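Residue numbers (our numbering): 2 to 282.
Glycine included, C-beta positions come from ideal geometry on N, C-alpha and C.
As the structure is a computational prediction, the values presented were derived from the model and not from experiment.
Written out as structure tokens, the structure reads:
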């Protein structure tokens, strides 16, 4: 693994000394450069979590991945740069079924720096936060036009947001995922990584998708649609979404032009309804 090549892949050019500013910049650079995607699952492959394989896929072949991939590699990067990083297990609340996923549903990172604790997550998608969230407050944390908070209930922490409009403390908070601070290992997620590639209750099995943060917006491919999202500005204070319908033969060109992704095998576009899990968590 070439640390300099990884930093170049995400467009980071600052000083390589552990600091809060560096961690925030690395987090945002990663989200602006590395897509959140499950295209391997829908092009005849299987996701494997060995770090050399993840490095080759994301850095050398300029692909992306889902949480187990992006956050595993980001953890390696932070650790190599001198940060103290702990793996945590999260459970995502599906916006399609309204249900929480099983334990080890989501791979997230806790970074301890200068006596403070930060939640890092470069492997989530549309509701994801662009810079790390503080774990030492339950107050709202504003990021551009969005606002997040981490609410604690006994040993469980809940990441919540107000979608695309910041309405303050009394706004309509929606849960994104929940987690505890129990230390985990990368190997703990192996079974759930397979689950997400084979279960009709997983978004990654049911939908071919790819999304990446852009300055001032987000670009998302799912099934046969390309969704361009523009965030609010001073001139236009509303989120603007443009949806383009795609034919099968158009999808490879869109992935290459818009996301920089070239697949080695044919993609089978998929956008099926997700089956609610039999067990409620």
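- request: Please determine if the region 129-138 and the region 74-85 are in contact, where contact requires at least 3 C-beta pairs separated by less than 8 Å.
  value: no
- prompt: Between the Cα of residue 153 and the Cα atoms of 113, 115 and 139, which residue gives the shortest distance?
  reply: 139
- request: Tell me, to the nearest whole angstrom, how far the beta carbon of residue 277 is from that of residue 200; I am working on the premise that it is less than 8 Å.
  value: Rounded, the Cβ-Cβ distance is 11 Å, inconsistent with contact.
Integer Cβ distance of residue 24 from residue 119, believed to fall under 8 Å: Rounded to the nearest angstrom, the Cβ distance from residue 24 to residue 119 is 7 Å, consistent with a contact under 8 Å.
query: What three-state label does DSSP hand residue 186 in the structure shown?
result: Coil, per DSSP.
query: Taking DSSP as the reference, what is the three-state secondary structure of residue 57?
result: Reduced to three states, the DSSP call for residue 57 is helix.
task: Assuming residue 88 and residue 184 form a contact by the criterion Cβ under 8 Å, report the distance between their Cβ atoms to the nearest whole angstrom.
output: 7 Å
- request: Identify the continuous beta strand (DSSP E) that holds residue 7 and give its terminal residues.
  value: Per DSSP, residue 7 belongs to no beta strand (DSSP E); it is in the alpha helix (DSSP H), 4-10.
- prompt: Taking buried to mean at least 16 other C-beta atoms within 10 Å of its own C-beta, is residue 197 buried or exposed?
  reply: buried
Whole-number beta carbon distance between residue 225 and residue 247, since they are thought to touch under 8 Å: Correct: roughly 5 Å between the Cβ atoms.
- request: With DSSP collapsed to three states, give me the class of residue 45.
  value: coil
- request: Grab me the residues of residue 179's own chain with a C-beta within less than 6 Å of its C-beta, minus the 5 sequence neighbours each way, in chain order.
  value: Contacts found: 92, 157 and 159.
- prompt: Can the beta-carbon of residue 146 be found closer than 9 Å to that of residue 240?
  reply: yes
Which of helix, strand or coil DSSP assigns to residue 180: In the three-state scheme derived from DSSP, where H, G and I count as helix and E and B as strand, residue 180 is classed as strand.
- request: Look at residue 15 and residue 38 and say whether their C-beta atoms are less than 9 Å apart.
  value: no
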